[in-house]
Structure formats: C-alpha cells, structure tokens
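K.L.:
My numbering applies: residue 10 is where the sequence shown begins, and numbers increase by one. Below is a structure I'd like to ask you about.
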Amino acid sequence: RLLPEPPATHELWRLAGHIVRSVDDLDWLGPAADPLLRRLAVAGGDAWKPLRSSMLDAIGLLTTRIAALGMSEALRSRTPNETVRSSPLFRLTRAGVPEMAELIAASRDHLDHVHTALEDRGVSIDVVYSIDAIERSLARLEILLPFVGPPREPGNEIRAVIAAVGRGLVGGRSFTQLLGDNLRLLARKVIERAGRTGEHYVTASRREYWGMLGSAAGGGVLTCGTAVAKFLVKWGHFAPFLDGLLSSLDYAASFVVMQLVGATLATKQPSMTAAALAGTIRDRAGPGRLDELVPLISRIARSQFAAAVGNVSAVIVTALIFDAIWQHTTGAPFLDPDTSRSVVASFDPLHSGTLPFAALTGVLLWVSSLAAGWFENWIVYRRLPDAIEHHRIGRRVGRARMARLARFLEREAAGFGGSVALGFLLGMIPVFAKFFGLPIDVRHITLSTGSLTLALSSVGAAAVGWAAVASAAVGIALIGLLNFGVSFALALVVALRARDVPRGESKTLPGAVLRRFVRRPAEFFYPPRDPGPVATTPSH
Numbered sequence: 010r011l012l013p014e015p016p017a018t019h020e021l022w023r024l025a026g027h028i029v030r031s032v033d034d035l036d037w038l039g040p041a042a043d044p045l046l047r048r049l050a051v052a053g054g055d056a057w058k059p060l061r062s063s064m065l066d067a068i069g070l071l072t073t074r075i076a077a078l079g080m081s082e083a084l085r086s087r088t089p090n091e092t093v094r095s096s097p098l099f100r101l102t103r104a105g106v107p108e109m110a111e112l113i114a115a116s117r118d119h120l121d122h123v124h125t126a127l128e129d130r131g132v133s134i135d136v137v138y139s140i141d142a143i144e145r146s147l148a149r150l151e152i153l154l155p156f157v158g159p160p161r162e163p164g165n166e167i168r169a170v171i172a173a174v175g176r177g178l179v180g181g182r183s184f185t186q187l188l189g190d191n192l193r194l195l196a197r198k199v200i201e202r203a204g205r206t207g208e209h210y211v212t213a214s215r216r217e218y219w220g221m222l223g224s225a226a227g228g229g230v231l232t233c234g235t236a237v238a239k240f241l242v243k244w245g246h247f248a249p250f251l252d253g254l255l256s257s258l259d260y261a262a263s264f265v266v267m268q269l270v271g272a273t274l275a276t277k278q279p280s281m282t283a284a285a286l287a288g289t290i291r292d293r294a295g296p297g298r299l300d301e302l303v304p305l306i307s308r309i310a311r312s313q314f315a316a317a318v319g320n321v322s323a324v325i326v327t328a329l330i331f332d333a334i335w336q337h338t339t340g341a342p343f344l345d346p347d348t349s350r351s352v353v354a355s356f357d358p359l360h361s362g363t364l365p366f367a368a369l370t371g372v373l374l375w376v377s378s379l380a381a382g383w384f385e386n387w388i389v390y391r392r393l394p395d396a397i398e399h400h401r402i403g404r405r406v407g408r409a410r411m412a413r414l415a416r417f418l419e420r421e422a423a424g425f426g427g428s429v430a431l432g433f434l435l436g437m438i439p440v441f442a443k444f445f446g447l448p449i450d451v452r453h454i455t456l457s458t459g460s461l462t463l464a465l466s467s468v469g470a471a472a473v474g475w476a477a478v479a480s481a482a483v484g485i486a487l488i489g490l491l492n493f494g495v496s497f498a499l500a501l502v503v504a505l506r507a508r509d510v511p512r513g514e515s516k517t518l519p520g521a522v523l524r525r526f527v528r529r530p531a532e533f534f535y536p537p538r539d540p541g542p543v544a545t546t547p548s549h
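See the structure below:
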C-alpha cells in the first residue's frame with residue numbers, strides 16, 4: 010500500500026479502485042447517483058460493450074475453479090457415489106447461462122452432502138478451504154449472471170459492477186479483513202464436525218436433566234479426591250515444573266476416570282458445543298436466524314446448572330466425610346489452621362485474584378473443548394479405528410476384541426483428548442506464569458468448592474469468621490458463573506464467526522436471551538414438562 014500504483018488505463022478494477030476507496034464510498038451508489046452513472050455510461054460509449062464478453066470469461070474462470078476444487082480427492086471421497094461427469098460442480102463448466110441457476114442450487118445441495126460426510130471422514134484445513142472457496146465462487150457466479158442475461162439499463166449495470174469490484178478491492182487492501190478471513194476459516198474448521206462425544210452435556214428432557222444431576226454427583230465425589238491429591242502435591246515442595254507436572258497428571262487422571270465411569274465435570278464445554286450452535290444457523294438466512302439459538306442456549310444453561318449443583322453438593326458431602334475419616338484416623342484435621350485460613354482468603358472476590366483467575370479458567374475450558382474436537386477429528390481423519398480393527402495382531406487376540414477396541418477409541422477419543430488437555434492446562438499454566446513472574450492461578454468451581462470445604466471442615470467456620478465464609482461462598486458462585494460464561498461465550502463467538510453472522514445481527518442475541526429469561530426464567534434452571542405423545546388420526 011505504500012508503493013505508487015502503475016497506470017492501468019484499460020483495467021476495470023483500477024477504475025473501480027479510484028472510485029471506491031473505502032466501504033463508506035459504496036453508499037453514494039444509491040438512487041442519488043443515477044444521473045452520474047448515466048453520464049458515465051454515455052462518456053464510456055463503446056467501452057462498456059466488451060463488458061458482456063468479459064463477464065462470460067469471468068464465469069468460465071469461476072466454473073473451472075469450482076470444478077477443480079470439487080473434483081479433488083479430498084472432496085470426492087466425502088460425496089455420494091457418483092461419477093465425475095454427473096457432479097453438478099463439474100457440469101457447471103459445460104452449462105449454458107440459462108442452466109446455471111439450477112446447477113448452482115444443485116451444487117449447494119452437493120456441498121450439504123459433503124458437510125454430512127465430515128462427521129464420518131473427518132475434516133482438514135484443505136477441506137474447509139475448498140468448501141469455503143467453492144461457496145464464495147458460487148456466490149460470485151450469482152452476481153455475474155445478470156450481466157450476461159437480457160440487456161438492462163446501462164447505469165444499473167455500471168452500479169453493480171463498480172459495487173462488486175470495489176467491495177472486493179477494499180477487502181483486498183484491508184489487513185483486518187485478511188486477518189478476519191483467516192480466523193473465520195479456522196473457526197469453520199472447529200465447527201464443521203460436531204463430534205460424537207459430549208451430547209450428554211446438553212439435556213432436553215427432565216429424564217436427561219436428572220441423569221445429568223446424577224452423573225455430576227459422581228463427578229463431585231471424584232473431584233474431592235482430586236483436591237486432596239492437589240494438597241498432597243503442594244506439600245511435597247517439588248521444583249515448579251515437577252509440581253506442575255504432578256498437578257497436571259492429578260487433574261488429567263481424575264477427568265479421564267470421570268469420562269470412563271460416565272461422570273460429569275461442571276462447566277466443561279464439550280467439543281460439539283460450537284458445532285451445535287453453528288448448526289442451528291447453517292441453513293437459515295436473515296435477521297431471524299439467531300432465534301433458534303435461544304432455546305438451545307437455555308438448554309445448555311440449565312444443563313450446566315444441573316452439573317454445577319451435582320458437582321458442588323457431592324464434593325461438599327464427600328469432603329466432609331473424608332475430613333471426618335482423616336481426623337478419626339490421625340487425630341488431626343486434614344489441613345492445618347494457617348493453610349485453612351489461606352484457602353478461605355484465596356476465594357474472596359474483592360481481595361484476591363479469584364475473578365480474573367475464574368475467567369482465565371473459562372478460557373482454558375474452551376481451549377480444552379477445541380483440543381477434544383481436534384483429537385477426535387485427527388483419529389477419524391487418519392482412520393485410526395479402521396487401522397486398529399484390521400491390524401494383524403487381531404489374528405492373535407481376536408478380531409472381535411480389536412473391533413471393540415476400535416469402537417471404544419472412536420467413541421471416547423474426544424473425552425480423552427479434552428480431559429488430558431484440560432488437566433495439563435490447569436496444572437501447567439500457573440507454572441509457566443510463575444516462570445515469567447506473573448501471579449496467575451486457576452479457579453474451577455468444583456475443585457475450589459472441594460478445597461474450601463476441606464479448609465472449613467479442618468478449622469471451623471467460626472475460627473475464620475462468618476464474614477470471610479460468606480465472602481468465599483460468593484466467590485465460589487462467581488467462579489461458576491465465570492467458568493461457564495466465558496467458555497460458552499467463546500464457543501458462541503466461534504460459531505457466529507464461522508457462519509459470517511454480521512456484528513449488528515449478533516448484538517441482538519443477548520437481548521433475545523434476556524427476553525426469554527424474563528418470560529421463562531425457570532427454563533434456564535429446570536426443563537419444562539416433557540410433551541406428551543401426539544395423537545394421530547389412523548389412516549383408512
């Protein structure tokens with residue numbers, strides 16, 4: 010942008026570039042510009058006549074690019090069984106202008122089949138880029154088709170050409186749009202596969218809700234052991250790296266065990282959250298497409314509320330029982346008075362770093378969901394379950410066992426990836442922060458509740474003061490709110506970014522959720538009554 014531009018008197022894009030310097034310049038192309046556009050058409054004279062021929066060339070280039078991308082092995086392996094010649098992406102190259110509109114619609118249906126196949130075959134950056142490039146090329150084709158149809162008012166044609174070319178030139182000169190486009194492609198890679206693990210984190214019926222509450226109670230029992238092991242590691246006074254590694258292994262092992270026994274950790278975002286959010290707006294257009302997100306958000310909110318209640322209540326009871334057994338066995342509480350007071354003070358929302366630490370933990374929860382989706386996608390994309398199922402070692406241990414192992418890996422891959430990633434993020438982030446001299450820690454609602462209960466059980470609430478206890482309790486509630494709020498907000502932003510939802514439209518979503526909360530607040534905490542069976546009229 011700093012170098013002078015060479016003259017290009019015969020290039021339309023150069024003319025549009027002189028007219029349109031920013032997006033705001035496109036505003037003058039409205040009806041008020043009609044006299045100027047007509048003068049431009051008259052002044053150009055015969056210069057506008059080659060426009061139709063140039064548009065036909067552009068359509069030929071676009072259809073050739075679409076066919077080349079669509080016939081790549083990565084996409085053909087993810088499409089229904091059809092020949093190359095029958096693919097609408099290939100047929101575009103040989104179609105006449107009247108057939109184009111129908112083939113464009115067929116091409117979009119074809120891409121829908123590719124989206125469906127991503128669940129079974131996995132996704133890569135190349136696949137996401139190819140799909141995105143085809144979708145954008147189809148949109149450009151629709152813009153170009155009117156120019157090769159019946160003749161129109163010259164001023165209208167010039168307006169459309171300048172607007173389309175100018176918008177592309179402004180975007181091409183914008184570093185922020187370049188960065189935004191790359192982030193959008195990465196976001197699409199995140200959400201293209203919903204994944205098979207994690208659906209139980211979003212409940213719909215009351216039966217599923219109570220099931221979530223029960224599995225979360227199991228997670229709370231296991232988290233008490235995690236909190237106890239964390240104190241044991243700290244008492245070892247290991248070197249910082251070893252301390253972080255042992256804490257990471259403690260967290261990761263606990264989360265993996267939860268995954269294996271079907272327990273739930275509160276606020277843990279499943280890998281499918283962003284994909285589920287994006288899936289609700291994939292096939293809709295216009296301002297109303299975000300309306301369907303509101304019921305889904307209420308379902309996610311009440312599911313996480315049930316998980317938090319189950320975790321917190323179970324970890325409190327388990328921690329009290331553990332400390333009672335410890336005191337009966339050793340004759341002393343699990344934590345000494347100084348440690349107990351320090352733990353209680355660390356959850357004060359006003360005089361400690363609890364709130365920013367809880368927000369950071371929300372970011373880590375979201376990052377772990379990305380790791381879960383990445384690991385499951387890597388397993389599926391590399392066809393590792395198939396490789397295990399047909400490995401030659403199956404001749405010795407049995408094909409049936411190898412098949413069960415393959416299905417187990419395929420089913421639990423996302424859970425293992427997310428659990429290990431979250432464990433190491435919670436354990437190692439404070440260590441790396443300390444290396445740089447940053448006083449950073451993590452705060453998770455269940456782990457924090459377990460630590461606080463052990464501290465109060467050891468020293469007693471009266472010893473630390475009821476005001477400190479109340480302040481710590483408020484801190485625990487805010488930790489849960491920030492854990493869930495930050496991680497969910499990031500997943501939602503990724504979904505909206507991946508689907509190119511404009512910022513102005515995105516800003517209407519919080520208001521819609523708030524209105525839903527005001528009208529039906531109970532839905533965000535407890536599911537409505539399950540609908541009964543719908544009566545049907547028997548056929549005759």
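A virtual CB, placed ideally from N, CA and C, is assigned to each residue, including glycine.
(1) Could you check what DSSP says for residue 489 in three-state terms: helix, strand or coil?
(2) Which value, in whole angstroms, describes the spacing of the CA atoms of residue 383 and residue 154?
(3) Taking the straight line between their C-alpha atoms, what separation do you get for residue 151 and residue 110?
(4) Less than 6 angstroms between C-beta atoms, sequence neighbours within five positions excluded: which residues of the same chain meet that for residue 381?
(5) If you follow the alpha helix (DSSP H) that residue 450 is part of, which residue opens it and which one closes it?
(6) Could you spell out the range, first to last residue, of the alpha helix (DSSP H) harbouring residue 146?
(7) Could you check how far apart the C-beta atoms of residue 367 and residue 488 are, in whole angstroms? I think they sit under 8 angstroms.
(8) Between residue 542 and the rest of its own chain, which residues show a CB-CB distance below 8 angstroms, the 5 nearest in sequence each way excluded?
(9) Between the C-alpha atoms of residue 168 and residue 415, what's the straight-line distance to the nearest angstrom?
(10) Closest by CA to residue 390, which one among 135, 47, 407?
(11) My understanding is that residue 97 touches residue 116, with C-beta atoms under 8 angstroms, so please give their C-beta distance in whole angstroms.
(12) Less than 8 angstroms between the C-beta atoms of residue 222 and residue 319, yes or no?
(13) Whole angstroms are fine: how far does the CA of residue 122 sit from the CA of residue 443?
(14) Classify residue 447: buried if its beta carbon has 16 or more other beta carbons within 10 angstroms, exposed otherwise.
(15) Are the Cβ atoms of residue 431 and residue 374 separated by less than 8 angstroms?
(16) In the structure shown, what three-state DSSP assignment does residue 397 receive?
(17) Could you work out which residue in 105, 41, 93 is closest to residue 68 when comparing CA atoms only?
(18) Measuring straight from C-alpha to C-alpha, what distance separates residue 226 and residue 79?
(19) For a quick check, are the C-beta atoms of residue 458 and residue 321 less than 8 angstroms apart?
(20) Let's test the definition: count the other Cβ atoms within 10 Å of the Cβ of residue 272 and tell me whether it reaches 16, buried, or not, exposed.
(21) Looking at residue 501 and residue 369, is the spacing between their C-beta atoms short of 8 angstroms?
(22) Looking at the structure shown, is residue 402 part of a helix, part of a strand, or coil, going by DSSP?
(23) Between the C-alpha atoms of residue 120 and residue 93, what's the straight-line distance to the nearest angstrom?
(24) Please report the distance separating the alpha-carbon of residue 145 from that of residue 503.
(25) I need the straight-line Cα distance from residue 556 to residue 299, nearest angstrom please.
(26) How about residue 480 and residue 357: are their beta carbons less than 8 angstroms apart?
(27) Leaving out five residues on either side along the sequence, give the residues of the same chain with a beta carbon under 7 angstroms from the beta carbon of residue 237.
(28) Count the other CB atoms within 10 Å of the CB of residue 402; is the residue buried (16 or more) or exposed (fewer)?
(29) Terminal residues of the continuous alpha helix (DSSP H) containing residue 337?
(30) Let me know the beta strand (DSSP E) ranges lying completely inside the stretch 357 to 426, each 3 residues or longer, listed in chain order.
(31) So is residue 535 buried or exposed if we call it buried at 16+ other beta carbons inside 10 Å?
(32) Which runs of the alpha helix (DSSP H) spanning at least 4 residues fall entirely within the stretch 103 to 134, listed in chain order?
(33) For residue 526, I'd like the list of residues in its chain whose CB is within less than 7 angstroms of its CB, leaving aside the five on either flank, ordered along the chain.
(34) Would you mind reading off the limits of the alpha helix (DSSP H) that contains residue 83?
(35) Could you tell me which of 156, 254, 131, 172 sits nearest to residue 441, measuring between CA atoms?
P.N.:
Answer, in terms of the structure:
(1) Position 480 of the sequence shown, counted from the start, is the residue given in the question as residue 489. It is helical.
(2) Within the sequence shown, numbered from 1, the residue matching residue 383 stands at position 374. Within the sequence shown, numbered from 1, the residue matching residue 154 stands at position 145. Going from the Cα of residue 383 to the Cα of residue 154 covers about 40 angstroms.
(3) Locating residue 151 in the sequence shown gives position 142, where the first residue counts as 1. Locating residue 110 in the sequence shown gives position 101, where the first residue counts as 1. Approximately 7 angstroms between the Cα atoms of the pair.
(4) Locating residue 381 in the sequence shown gives position 372, counting from the first residue. Answer for residue 381: 280, 423, 426, 427, listed in chain order.
(5) For this step, residue 450 is matched to residue 441 along the sequence shown. Premise fails: residue 450 is in no alpha helix (DSSP H) and is neither H nor E.
(6) For this step, residue 146 is matched to residue 137 along the sequence shown. Segment 134 to 153, the alpha helix (DSSP H) holding residue 146.
(7) Reading the sequence shown from its first residue, position 358 is the one you call residue 367. Reading the sequence shown from its first residue, position 479 is the one you call residue 488. Going by Cβ atoms, the distance from residue 367 to residue 488 rounds to 4 angstroms, so yes, they are a contact pair.
(8) Along the sequence shown, one-based indexing puts residue 542 at 533. Annotation note: pLDDT 43 at residue 542 (below 50); position unreliable, no value reported.
(9) Here residue 168 refers to the residue found at position 159 of the sequence shown. Here residue 415 refers to the residue found at position 406 of the sequence shown. When rounded, the distance between both Cα atoms is 59 angstroms.
(10) The residue labelled residue 390 in the question sits at position 381 within the sequence shown. Closest by alpha carbon: 135.
(11) Mapped onto the sequence shown, residue 97 falls at position 88. Mapped onto the sequence shown, residue 116 falls at position 107. Residue 97 to residue 116, Cβ: 5 angstroms. Contact.
(12) Translated into positions along the sequence shown, residue 222 becomes position 213. Translated into positions along the sequence shown, residue 319 becomes position 310. Yes. Within cutoff.
(13) Stepping through the sequence shown from its first residue, residue 443 is reached at position 434. Stepping through the sequence shown from its first residue, residue 122 is reached at position 113. Rounded to the nearest angstrom, the two C-alpha atoms are 49 angstroms apart.
(14) Walking along the sequence shown from the start, residue 447 turns up at place 438. So residue 447 ends up on the exposed side.
(15) Walking along the sequence shown from the start, residue 431 turns up at place 422. Walking along the sequence shown from the start, residue 374 turns up at place 365. Taking 8 angstroms as the Cβ cut-off, residue 431 and residue 374 qualify as a contacting pair.
(16) Counting from 1 along the sequence shown, the entry for residue 397 is found at position 388. If DSSP states are grouped into helix, strand and coil, residue 397 belongs with the helices.
(17) Mapped onto the sequence shown, residue 68 falls at position 59. Ranking 105, 41, 93 by Cα distance to residue 68 puts 105 first.
(18) Mapped onto the sequence shown, residue 226 falls at position 217. Mapped onto the sequence shown, residue 79 falls at position 70. Spanning the two alpha carbons is a distance of roughly 49 angstroms.
(19) On the sequence shown, residue 458 is found 449 positions in, with the first residue counted as 1. On the sequence shown, residue 321 is found 312 positions in, with the first residue counted as 1. Yes.
(20) Counting from one through the sequence shown, the residue named residue 272 turns up at place 263. Residue 272 should be labelled buried.
(21) Position 360 of the sequence shown, counting from 1, holds the residue named residue 369. Position 492 of the sequence shown, counting from 1, holds the residue named residue 501. Against a cut-off of 8 angstroms, the Cβ pair of residue 501 and residue 369 comes out as no contact.
(22) Taking the first residue of the sequence shown as position 1, residue 402 is located at position 393. In this structure, residue 402 counts as coil in the three-state DSSP scheme.
(23) The sequence position of residue 120 within the sequence shown is 111, counting from 1. The sequence position of residue 93 within the sequence shown is 84, counting from 1. Cα to Cα, the separation comes out at about 15 angstroms.
(24) Here residue 145 refers to the residue found at position 136 when the sequence shown is read from its first residue. Here residue 503 refers to the residue found at position 494 when the sequence shown is read from its first residue. Going from the Cα of residue 145 to the Cα of residue 503 covers about 20 angstroms.
(25) This structure leaves residue 556 out entirely; the chain is present only between 10 and 549.
(26) For this step, residue 480 is matched to residue 471 along the sequence shown. For this step, residue 357 is matched to residue 348 along the sequence shown. Yes, these two residues count as a Cβ contact at 8 angstroms.
(27) Position 228 of the sequence shown, counted from the start, is the residue given in the question as residue 237. Answer for residue 237: 331, listed in chain order.
(28) As a working mapping, residue 402 is identified with position 393 in the sequence shown. Exposed.
(29) For this step, residue 337 is matched to residue 328 along the sequence shown. From DSSP, the alpha helix (DSSP H) with residue 337 extends over 302 to 339.
(30) none
(31) Numbered from 1 along the sequence shown, position 526 holds the residue referred to as residue 535. That one is exposed.
(32) 106 to 130
(33) As a working note, residue 526 is residue 517 in the sequence shown. Cβ neighbours of residue 526 beyond the five flanking positions: 533.
(34) Position 74 of the sequence shown, counting from 1, holds the residue named residue 83. Looking at the DSSP string, the run of the alpha helix (DSSP H) that includes residue 83 is 82 to 85.
(35) As a position in the sequence shown, residue 441 is number 432, starting the count at 1. Of the listed residues, the one whose Cα sits closest to residue 441 is 254.
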